[in-house]
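Have a look at the structure below before the remarks.
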Amino acid sequence: MKRLNLLFAIIFLFSGISMRADEGMWLPIFVERLNYVDMQKMGLHLTAEEIYSINHSSMKDAIVGLSNGPTPGGFFCTAEVVSDQGLLFTNHHCGYDVIQKHSSIEHDYLADGFWAMSKEEELPNEGLSATFFVRMENVTDSIIPFLSDTMSASDRSAKVKEISSRLKKNADPDKKYHINVTSFFNGNEYYMFVYEVYTDVRLVGAPPSSIGKFGGDTDNWMWPRHTGDFSIFRVYTAPDGSPAEYAKENVPLKPKYHLPVSLNGVEKGDFAMIWGYPGSTDRYLSSYGVDFQINYFDPNIVRLLGEQLSIWKEDMSANREVGIKYASKYAGNANGWKFYIGELKGLKKLNVKGQKEAIESDFIDWLNQDQARKDKYSEVLPGIKTGYENISKSFLPFITSALAASSPEILGFAQSFGVISGLLESKDETGAIDESVAELREAAREHFKDYNAPTDQKVFARMMEIYANDVPADLQPKGFKDLVAKYKGDFKAMAADVFARSFLSTEAKVNAFLDKPSYKVISKDPAINLGNELMGSMMTLSGEYRKANQDLAKYERLFMAGLREMMPDKAFYPDANSTMRLTYGSVQDYKGADAVYYDYKTHLSGVMDKEDPTNEEFIVPAKLKELYAKKDFGRYGCGDDLVVGFLTTNDITGGNSGSPVINGNGELIGLAFDGNWEAMSGNIAYEPNLQRTICVDIRYVLFVIDKYAGAQNLIDELTIAPIKFTVQRDEFEAKLVK
Ligand code: ARG
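Numbering (my numbering), first residue to last: 57 to 794.
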């Protein structure tokens with residue numbers, strides 16, 4: 057193996073081709089043209105057809121986008137098919153919401169884990185869907201010629217919508233598929249995606265949080281990592297194999313393709329590719345955009361989310377029931393909160409603004425060389441600058457009112473009562489009131505299942521105080537100001553009174569209202585009225601914010617077009633937008649900071665080192681300690697230890713969580729689950745020397761399923777690739793050295 061690499065290195069040296077893969081989230085249809093040769097040189101042993109083919113089953117058929125709801129797009133995570141019976145692997149943090157929903161004090165699957173020992177025990181999940189990619193097509197030429205730069209933003213999007221719906225109809229006359237038409241390169245290109253969506257997706261297995269979320273929020277976004285971040289699902293279909301809602305008689309999906317699993321492990325420099333659904337990046341952002349992120353967006357999101365999180369945390373730690381109820385909401389917000397702290401730090405430290413300014417200065421030089429270019433693009437950078445000035449002006453009042461109107465959960469819930477209020481006011485007699493009552497009973501059941509009013513009351517008091525202080529008084533609605541005056545600025549008293557008088561504070565009161573719905577009651581409810589007022593003011597403020605963004609969109613589109621024109625030989629990859637991408641790179645260590653070197657893999661011994669029974673985030677389950685003490689690693693170990701996590705240079709972002717990490721033979725070697733602290737500005741600029749993808753080693757996943765949980769039934773379903781070494785790799789290497 058090493059020798060081969062040396063040979064290739066020599067070939068490169070003389071071919072003048074630089075091996076600069078790592079960065080880039082590539083569209084699978086272009087991989088053969090843009091990346092395949094590069095990938096082969098880096099260690100890929102598959103044909104281009106085995107990777108992406110629409111005529112034969114190929115790797116793309118094993119990749120799944122997870123979403124809430126039956127329409128594809130905005131995938132929150134990625135999963136992959138690992139058996140011929142529709143078994144899926146994804147991350148624990150991707151299954152977390154589902155695991156939390158199935159949990160209670162009696163069945164605490166968050167704390168204890170969950171393992172279906174037979175298919176009958178698998179748990180259905182309303183709303184969760186698994187999307188498979190069927191094919192994609194470039195439809196730019198059907199759209200762009202009908203647009204112009206002088207069109208208003210709304211005319212432009214109306215035109216795109218009109219053409220897209222025609223394209224969708226023609227592509228799928230039998231309405232068999234789900235089709236999206238999506239913009240790329242800031243509106244310079246359009247692609248059509250054909251998907252198949254399965255809505256019966258059941259929970260099969262999850263380790264306890266002490267494995268699946270080991271290290272908690274402390275270790276989140278950081279390396280070295282020791283988290284067994286995986287969970288297991290299964291896709292079911294109607295008996296004829298077609299997508300179907302949950303039904304008892306449904307059968308496991310027979311997939312077109314599933315990934316074999318490798319137990320051979322990874323070595324520094326090994327080829328690694330990752331498939332998935334990255335959500336959003338901003339790689340072509342201007343320096344003005346970076347400035348806005350640093351001075352407005354990131355610090356305010358961090359500040360406002362932090363307020364809510366610290367109140368939640370206190371109550372969650374004091375009471376396990378509240379802890380279970382708020383676990384998923386908390387984890388989601390805490391993840392975003394820490395992300396923006398890291399992004400802000402990274403943007404500053406890595407001088408991302410300076411990097412962007414350098415590109416802009418090249419752009420200006422390029423413009424100045426040619427009059428036609430000047431005519432086309434000279435307004436672009438000044439337009440972007442003005443755009444961000446306008447966005448900055450409207451941002452703070454907008455974001456504060458948006459969070460004030462939505463982060464107290466009682467106000468968010470109040471929004472569900474808009475329809476019934478209108479029906480009651482107009483004394484509707486069509487039966488719509490009864491329908492609405494039934495829907496609201498269901499909504500109330502869901503809302504109160506994970507709700508604790510005393511906690512929310514504290515959040516409410518704090519958010520109202522922030523809103524009163526931060527939003528200019530002339531932008532605050534009158535009803536809000538009256539309320540503040542009534543309590544002489546005592547926000548706790550205000551909260552206590554609103555919660556006492558509103559029927560939205562307990563499920564019993566909501567149901568009592570729904571038993572006898574009355575306009576008089578709803579029109580006097582303080583939470584509903586306040587919610588409406590704050591929402592109304594937020595809508596007004598969002599108008600300005602949206603307008604500023606639309607003006608900006610035109611210049612950002614032209615900037616993107618100009619950059620591509622300026623560098624005609626560069627292979628540009630489009631920003632992430634929740635469409636299927638492939639990224640390739642290698643297993644690598646890194647230097648994190650001055651005198652800080654990070655190795656590329658972590659071990660079970662490191663889990664034991666981090667153990668702290670007094671800290672919920674670092675508890676190690678007894679069974680895991682026992683297995684470790686006995687070195688009972690089965691075929692998953694490596695010498696006298698077990699690899700838990702490893703790093704690669706792959707270019708991923710949110711939405712990629714759960715993505716398969718695949719070796720040069722097309723075998724699954726891990727699941728991607730995080731990015732690293734030193735390169736948190738990675739969504740805006742990829743940092744080749746610092747940016748790493750954090751993966752859980754597939755051998756740790758299988759060890760937990762097999763040895764820890766005893767779920768041999770699941771192991772038996774997998775296709776395990778032939779083991780290459782009879783001696784453990786490290787021992788093998790050690791012998792070679794001697
Ligand atoms: N940072 C990970 C991601 O964005 C989520 C990890 C979840 N763990 C946690 N402690 N919240 O995908």
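Don't be surprised by glycine CBs; every beta carbon is placed ideally from N, CA and C.
Predicted model, so just to flag it, every value in this text is computed and none were measured.
For residue 282, the shortest separation between its Cβ and any heavy atom of the ligand ARG does not lie below 7 Å. Across the set 624, 171, 601, the C-alpha of 171 shows the shortest separation from the C-alpha of residue 766.
Sequence-distant partners of residue 527 (beyond 5 residues in either direction) whose C-beta falls short of 7 Å from its own C-beta, in its chain, are 453, 456, 457. Nearest to residue 561 by alpha-carbon distance, out of 576, 513, 594, 538, is 513.
Residue 624 and residue 241 do not touch by the CB rule: their CB atoms are close to 14 Å apart, not below 8 Å. Between the ligand ARG and residue 401, a heavy atom-to-CB distance of less than 7 Å is absent. Around residue 521, the same chain offers 547 as residues with beta carbons nearer than 7 Å, after the five sequence neighbours per side are excluded. DSSP, reduced to helix, strand and coil, places residue 308 within a strand of the structure shown. For the pair of segments examined, the region 711-729 was found not to touch the region 340-351: the number of CB pairs separated by less than 8 Å stays below three. Taking 8 Å as the cut-off, the Cβ atoms of residue 536 and residue 590 count as close. The alpha-carbon separation between residue 238 and residue 696 amounts to approximately 50 Å. When Cβ pairs closer than 8 Å are counted between the two stretches, the region 110-126 is seen not to touch the region 682-697, the count staying below three.
Under the 8 Å Cβ criterion, the region 320-335 does not count as touching the region 352-372, having fewer than three qualifying pairs.
Of the residues assessed, residue 156 falls on the buried side of the cut-off, its CB having 16 or more other CB atoms within 10 angstroms.
Just measuring C-alpha positions, the residue of 569, 274, 216, 177 sitting nearest residue 387 is 274. Where residue 443 is concerned, the enclosing alpha helix (DSSP H) starts and stops at 436-462.
Assigned with DSSP and collapsed to three states, residue 647 falls in strand. Close CB contacts of residue 768 within its chain, under the 8 Å cut and outside five residues either way in sequence, are with 762 (chain order). Uninterrupted beta strand (DSSP E) stretches at least 3 residues long and entirely within the region 280-356 occur at 287-293, 327-332, given in chain order. In the same chain as residue 175, and ignoring 5 residues on each side of it, the C-beta atoms closer than 8 Å to its own belong to 290, 308, in chain order. Between residue 474 and the set 578, 310, 683, 261, the nearest pair of CA atoms involves 578. Straight-line measurement puts the Cα of residue 559 at about 45 Å from the Cα of residue 708. Uninterrupted beta strand (DSSP E) stretches at least 3 residues long and entirely within the region 603-678 occur at 637-642, 646-649, 652-654, 657-659, given in chain order. With a cutoff of 8 Å on beta-carbon distance, residue 610 and residue 326 are scored as not near each other. For the pair residue 402 and residue 736, the CB atoms are nearer than the 8 Å cut-off. Scanning the region 78-102 for uninterrupted alpha helix (DSSP H) segments of 4 residues or longer gives 87-90, 92-98, listed from N- to C-terminal end. For the ligand ARG, no non-hydrogen atom lies closer than 7 Å to the CB of residue 549. Taking C-beta separations shorter than 7 Å and ignoring five residues to either side along the sequence, the partners of residue 719 in its chain run 318, 326, 327, 328, 725, following chain order. DSSP places residue 256 within a strand segment (E or B) once states are collapsed to three. For residue 391, the secondary structure class from DSSP, reduced to helix, strand or coil, is helix.
Buried is the label assigned to residue 264, since at least 16 other Cβ atoms lie within 10 Å of its Cβ.
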